[in-house]
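Since the structure comes first, as structure tokens, the remarks are kept for the end.
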Amino acid sequence: MNNFFIILFHTYLTKLKTKSFIITTIITGLIIVGVTNIPRIIEFFDKEGEVEKIAVIDNSAQLLDPLQAQLKGINQEIELTAFTDSFEEAEKQVEAGDYTGVLELSMTKEQLPSASYKSMSMADSVVVTDLQAALQQVKTVMASAQLNLTQDQLNQLYEPVPFERSALEENAKTEEELNQARGLVYVMLFIIYFAVIMYASMIATEVATEKSSRVMEILISSVSPIKQMFAKILGVGLLSLTQLAVFLIAGYFSIQQNLESMQGGFFDFFGFTNIPASTIIYGVIFFILGYFLYATLAAFLGSLVSRIEDVQQMITPMTLLVVAGFMIAMFGLGQPEVGFITATSFIPFFTPMIMFLRVGMLNIPFWEVGLSIGLLVATIILLAVFGARVYKGGVLMYGKSNSFKDIKTALQLTKKK
Amino acid sequence: MSLVLENVTKQFGQFTAVDHLSLSIPEREIFGFLGANGAGKTTTFRMILGLLDPTEGTITLDGKRVDYSTSPIIGYLPEERGLYPKLKVKDQIVYLARLRGMQKQDALRELTYWLDRFKVPDYLDKKVEELSKGNQQKIQFLAAVIHKPKLLILDEPFSGLDPVNVELLKQAVMDLKDAGTTIVFSSHRMEHVEEMCEHLCIMQKGRPIVHGSLKEIKRSFGKKNLVIHADFDMSFLGSFRGVTKARQTPEGIQLQITGEEIAEAILKDIVGRGFIRKFVLEEPSLNDIFIEKAGASYE
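Protein chains in written order, with the working numbering: chain A, 1 to 417; chain B, 1001 to 1299.
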């Protein structure tokens, strides 16, 4: 077998078998299954039928029944019980844990309801919000009755304004589509961000390990450093795809399993129900290109240090670049059309995230995407050629080396004259 | 495989690491490549291996330029030892052997043979970091020779080994030589060089200052050692004509003289002064030659 593939598969298989890789993959996989099962998990814990019991002291003697009727439509898990004893006694029972809280209802001078609620803590906002909402409806009914409004008049009052939004641009995304795209782009940006940081630093560490353990000298006496560098980048790339595949498969099956329970919920919002194929394709393209860009950068930075301890310091500028790109992309999620986002989407180091954001959320002409991809590919090639030369000299340099001056020294080593 | 270096120069910016070095290393021989620290040995090795390109000159192996296509016939034991600490001996030797063009099965068979020969057959499944330094060295040596290279470069192969293991490795090197391998050998232990090499070269500041066969080098050095053990005071011999160095020993004196006739004159002079227990004229040791030639750079 060709040396290139020997190194590629050696890198891939050795990394695949490490404990840390297996553990990270399993834990992340479990988290994915967990997240996609959130509705089920919540349901599971709620099955026990934890009914919130509320003691109600109705001073007006006419509010409890309508409130109960309204509450049924909002939250069935709140049980209202008429409490006939004094307020103090009710408070005591709340403290004893018999009731979640005590609600005191009374009529104002205008013959409208008012209430005060006491519970052990303010943490459970759901109960309070639901009680308040139900009481608001009771008040609306009572107030409209006082004004002698008919049901028709009432409906008229509460009918929402017909408000239609549409974009003039052809193929422009509808508001609904945009919301879905935002969710999807958000998730994919995170994947690109984490993958780039994680695998790029894995490559830099790998190179520094081979250098510091001095096995590098034997390796590059058998295989050219450039071949070795790209085999390593591809090997780790294969590893990243394997890991992603595990995550995607886990996520896909988990979502399939729960499809009925999450209609219209959380996942609809994140746009997982009908993913446009083009977004996925662009996602994969930008993921791969982003990986190559940063992996090449990491490999040549890694070749400049002689001790593993210095790796993090060396790749910090690169990490900051990724973080900056991610931050800009996060800002761009809200305003994808501003000039700043458009401009940064053409800077190769930001393109994988920001151009992807723009393709995902807007309808931009193909030439713009094509141009940015072209620029990105050109940068990768430039970086690979330059990086390979630095790498070739860098792996032979030992001693105190963690400054960018070493790039010059490394280049000098590879020069003929 | 004969290795020829012609007029090889390597410059790093203003600094000249190797300066017009020409060497011819015949087949089936162990060539001693010596020099003080920083004399350009490692740079020369790296150029022979193709890791660095010479600024000027050519390096050829049987008339062919050295590049990555010749890597399967070259073996290299670097001075700075390097193996993957977390990998099992089996995994990394097979990996390195495959990179030198070996098949997995052949590599495993050779590995078992060498581990048995080095009396450590149970290391096959051990991680390198679990082994002692000396034993790591054996594994390192093994990585350099497993693919039966035609040209073997050994940079300080015996450092850090106990005498038993030195013998074990030395025998292995001699056997490889007899099997037809050309070996370039660098060491700071002159007695090893004297014992193993027929030809050698001493480097200083990138230039060979001594070059030739061991016998010739010793002969042309022009100085001999004279050891005298006697009971009377011999300190006056230090200023004797033709004596270049004198060193008192507990049993007598050790002199460096410029020729046999000086020994004769000394013998005539001291006969009758007292009882002489020992009077030996010796060839200079390589150690003496090295110190005199390469040591000059420190002065």
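Glycine is no exception: its CB is placed at the ideal position from the N, C-alpha and C atoms. Here the structure is a predicted model, which is why all the values come from computation and not from measurement.
Review point. What's the gap between the Cα of Glu-1027/B and the Cα of Ala-1246/B?
Key: 41 Å
* Rounded to a whole number of angstroms, what is the C-alpha to C-alpha distance between Ile-1217/B and Leu-1154/B? -> 22 Å
Can you check which of these residues, Lys-1133/B, Ser-1186/B, Leu-1176/B, Lys-1268/B, is closest to Glu-1079/B by C-alpha distance? Ser-1186/B
* Cα-Cα separation between Met-1102/B and Ser-222/A, rounded to whole angstroms -> 12 Å
What residue from Leu-184/A, Pro-365/A, Lys-227/A, Gln-228/A has the CA that sits closest to Pro-276/A's CA? Leu-184/A
Beta-carbon proximity list for Ser-372/A, same chain, < 7 Å, skipping 5 on both sides: Ser-345, Phe-346, Thr-351, Met-355
(message) Closest to Lys-139/A by C-alpha separation, out of Gly-29/A, Gln-70/A, Asp-124/A, would be which residue?
(response) Gln-70/A
Buried or exposed for Glu-1261/B, going by 16 or more other Cβ atoms inside 10 Å?
exposed
Worksheet item: Per the contact definition of three or more C-beta pairs closer than 8 Å, is the stretch 304-324 of chain A in contact with the stretch 236-244 of chain A?
Response: no
Straight-line CA distance for Arg-1207/B to Arg-1219/B? 21 Å
Between the beta-carbon of Glu-1129/B and the beta-carbon of Pro-1085/B, is there less than 8 Å?
-> yes
Got a sec: is the Cβ-Cβ distance from Glu-1156/B to anything in chain A below 8 Å? no
- Task: Work out the CA separation of Gly-387/A and Ser-1024/B for me, nearest whole Å.
- Result: 36 Å
query = Hey, how far is the Cα of Ala-410/A from the Cα of Ser-1235/B?
reply = 56 Å
Could you pull out every unbroken beta strand (DSSP E) segment of at least 3 residues lying fully inside the stretch 77-155 of chain A, listed in chain order? 78-82, 101-107, 113-119
* To do: Just the C-alpha distance for Phe-194/A and Asp-1162/B, rounded to the nearest angstrom, thanks.
  => 50 Å
- Message: What does DSSP give as the partner residue(s) for Phe-1279/B in the beta ladder?
- Response: Ile-1228/B
Note to self: Could you check whether the stretch 99-107 of chain A touches the stretch 54-71 of chain A, counting it as contact only if at least three pairs of C-beta atoms, one from each stretch, sit closer than 8 Å?
What the structure shows: yes
From the beta carbon of Glu-1080/B, is the nearest beta carbon of chain A less than 8 Å away?
yes
Return the CA-CA distance between Thr-36/A and Ile-42/A, expressed in angstroms with no decimal places. 12 Å
Figure out for me which residue from Asn-155/A, Pro-39/A, Leu-149/A, Ile-226/A has the closest Cα to the Cα of Arg-389/A.
Ile-226/A
* Asked: Looking at Thr-1055/B and Glu-1011/B, is the spacing between their C-beta atoms short of 8 Å?
  -> At residue 1011/B the sequence reads Gln, which differs from the Glu that was named. Closer than 8 Å, so yes.
Along chain B, which residues have their Cβ under 9 Å away from the Cβ of Met-216/A? Gly-1082
* Would you mind sorting Leu-1111/B into buried or exposed? The rule is 16 or more other CB atoms within 10 Å of its CB. => buried
Check your understanding: Which residue from Glu-77/A, Glu-91/A, Ile-32/A, Ala-295/A puts its Cα closest to that of Lys-232/A?
Key -> Ala-295/A
### Query
What does Gln-1204/B pair with, by DSSP beta-bridge criteria?
Arg-1207/B
With a cut-off of 8 Å, does the C-beta of Asn-3/A fall near any C-beta of chain B?
-> yes
| message | So, under 8 Å CB-CB, Leu-1142/B and Thr-1182/B are touching, yes? Tell me the CB distance rounded to an integer number of Å. | response | In fact, because the Cβ distance is near 19 Å, the residues do not count as touching under 8 Å.
Check: When DSSP labels each residue in this structure, what does Pro-336/A get in the three-state scheme?
Finding: coil
**Report entry** Whole-angstrom C-beta distance between Val-128/A and Ile-78/A, which should lie under 8 Å
**Finding:** Contact flag wrong, Cβ pair sits at about 10 Å.
Verify the CB distance criterion: does Pro-1250/B have a CB-CB separation below 8 Å to chain A?
no
- [ ] Less than 8 Å between the CB atoms is what I'm expecting for Leu-333/A and Leu-357/A, so what's the real figure, rounded?
- [x] 7 Å
Cβ-based neighbour list, Phe-4/A, same chain, cut-off 6 Å, excluding 5 preceding and 5 following = Lys-227, Ala-231
### Task
Could you tell me which chain A residues have their CB closer than 8 Å to the CB of Ala-1143/B, listed as they occur along the chain?
Ile-218
Of all the residues that make up the stretch 3-34 of chain A, which are near chain B by a beta-carbon distance shorter than 8 Å? Asn-3, Ile-6, Ile-7, His-10, Thr-14
**Q.** Contacts of Val-377/A in chain B (Cβ-Cβ under 9 Å)
**A.** Going along chain B, no residue has its Cβ under 9 Å from Val-377/A, so there is no contact; the nearest lies around 27 Å.
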